[in-house]
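Chemist: First the structure, which I've put down as structure tokens, then a few questions once you've had a look.
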Amino acid sequence: MKILFLICSLFTISFYNMKAQEKLSVDMNLKTEPTDKINFNETNISFKINKGINAKSKVTNTLEYSHLNINYQLGSSGSFENPDRFNQLQNQFEFSQNISKTTVLNFTITPTANFQQNLDMSDVTILGSFEVHQKLGSKTDLNFGAARTMVFGYPKFMPVLSLNYQLNDRSSLLIGFPDSKISYSNNSRNKFNFTNTFNGSFYNLDSQINLNKEATKVSLSQMTSAFEYERNVDSNWFLNFKGGYNFNKKYTLIDRDNHEVYDFNTGNGYILGIGIKYKQ
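When we follow our numbering, the leftmost residue of the sequence shown carries the number -13, and every step to the right adds one.
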């Protein structure tokens, strides 16, 4: 009980300290990713608060929870009990500082708990990033830095690089790693995105699965290409729809050192999602 209290305090301390928020948004999303052998269904909800400290500084806090349910087809795994329900609770705190008219520094720290059913202090991992946002011209921005992320299905340090170009008043182009995007808006209510993202996650198992090595986590990763549509239905409410395809999808069991123990060989598959957002 004490461990649960400490973990919850870790995730919520910055969220409750920002009572005088300037902007608030709440997102809820449902997503399904079927493959030939295994179906992945995820529910996600997040709360985001932005607050300007002064003319040059801003903080953003995002509290997020997601639940993943996995359905296995007959014969899709080995001779062991299939792990099928996972949870993720994370709190991202971001600090942005303008150091000149053309340069912004962004620092994020993200404690995240990724667990099967029983939450424990050992399930907490610290992620984060440090990035420099440099304005190269009236239409071009460069973003570069380093991050500790779950893009490859386990925590790892990696470089971050992207170039954003404003094509015109209605469209923009973002090229980079791990995210690329083409955006277009034909009016104030409609927004269209074509995205290509490298993304992943991992979850700690409640108990080890003994194969040729001891598996302590499940790992998921893929490259997702998707079309997204967001509709502003009134001044504060937005609906969004997403459809696309997952390439090079991997679902594996890994050990404590993030070495692969078992590959479920899920194959690739499409992705469908729907969501609703409230934004002040």
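From the three backbone atoms N, C-alpha and C, an ideal C-beta is built for every residue, glycine too.
1. Quick check: ASN244 and GLN102, are their CB atoms within less than 8 Å of each other?
2. Could you give the first and the last residue of the continuous beta strand (DSSP E) run that contains SER52?
3. Would you report the Cα separation of GLY255 and ARG175, rounded to the nearest angstrom?
4. Taking just the CA atoms, how far does ASN27 sit from LEU147?
5. In whole angstroms, what separates the C-alpha of TRP223 from that of VAL137?
6. Quick check on SER108: does DSSP put it in helix, strand or coil?
7. Could you check what DSSP says for GLN208 in three-state terms: helix, strand or coil?
8. Rounded to a whole number of angstroms, what is the C-alpha to C-alpha distance between VAL247 and THR202?
9. Taking only the alpha-carbon atoms, compute the straight-line gap between LYS87 and PHE72 and give it to the nearest angstrom.
10. For the region 206 to 214 against the region 182 to 189, do three or more pairs of beta-carbon atoms, one drawn from each stretch, fall closer than 8 Å, so that the two count as touching?
11. Give every residue of the same chain whose Cβ lies closer than 6 Å to the Cβ of ILE95, excluding the five residues on either side of it in the sequence, and list them in chain order.
12. Can you tell me which residues form a DSSP beta bridge with GLN152?
13. What is the DSSP secondary structure of ARG175, reduced to helix, strand or coil?
14. Give every residue of the same chain whose Cβ lies closer than 8 Å to the Cβ of LYS(-12), excluding the five residues on either side of it in the sequence, and list them in chain order.
15. Taking C-beta to C-beta, are LEU258 and LYS228 nearer than 8 Å?
16. Quick check: the region 104 to 112 against the region 122 to 133, are at least 3 beta-carbon pairs closer than 8 Å?
17. Please report the straight-line C-alpha distance between PHE116 and MET144, rounded to a whole angstrom.
18. Under three-state DSSP, which class holds ILE240?
19. Under a three-way DSSP split, which group does LEU225 fall into?
20. For LEU239, which option in ASN25, PRO141, LEU149 and GLU200 has the closest C-alpha, if you only look at C-alpha atoms?
21. For THR252, which residues from the same chain have a beta carbon less than 6 Å from its beta carbon, with the 5 sequence-adjacent residues on both sides left out?
22. Using the rule of at least 16 other Cβ atoms within 10 Å of the residue's Cβ for burial, across every protein chain shown, is GLY139 buried or exposed?
23. Quick one: Cα of ASN172 to Cα of ARG156, how far?
24. With a CB to CB cut of under 7 Å and the five nearest residues on each side skipped, what residues in its chain are close to LYS42?
25. Using the beta-carbon count (16 or more within 10 Å), is SER205 buried or exposed?
26. So, at 7 Å on beta carbons, what are the nonlocal neighbours of ILE161 in its own chain, with the 5 sequence-adjacent residues on each side left out?
27. Can you name, in chain order, every residue of its own chain whose Cβ lies under 6 Å from the Cβ of ASN30, other than the five neighbours on each side?
28. Of all the options PRO69, ASN77, ASN218 and LEU54, which has the alpha carbon lying nearest to the alpha carbon of ILE35?
29. Shorter than 7 Å, the distance from the beta carbon of GLY162 to the closest heavy atom of the ligand GDP, or not?
Modeler: So, from the listed chains and residues:
1. no
2. 43 to 58
3. C-alpha separation (whole angstroms): 31 Å.
4. 30 Å
5. TRP223 and VAL137 have their alpha carbons spaced roughly 30 Å apart.
6. helix
7. strand
8. The straight-line gap from Cα to Cα measures roughly 9 Å.
9. LYS87 and PHE72: Cα-Cα distance of roughly 44 Å.
10. yes
11. PHE79 and GLY114
12. SER158
13. coil
14. Unreliable positioning characterises LYS(-12) in this predicted model, as indicated by a pLDDT of 47, which lies under 50. A coordinate reading is not provided.
15. yes
16. no
17. 11 Å
18. strand
19. In this structure, LEU225 counts as strand in the three-state DSSP scheme.
20. GLU200
21. THR21, LYS23, ILE24, LYS235 and TYR237
22. buried
23. 6 Å
24. GLN83 and ASN84
25. buried
26. SER148 and LEU149
27. Around ASN30: ASN15 and SER52.
28. Ranked by how close their Cα comes to the Cα of ILE35, the residues PRO69, ASN77, ASN218 and LEU54 have ASN77 in first place.
29. This structure lacks the ligand GDP; in fact it carries no ligand of any kind.
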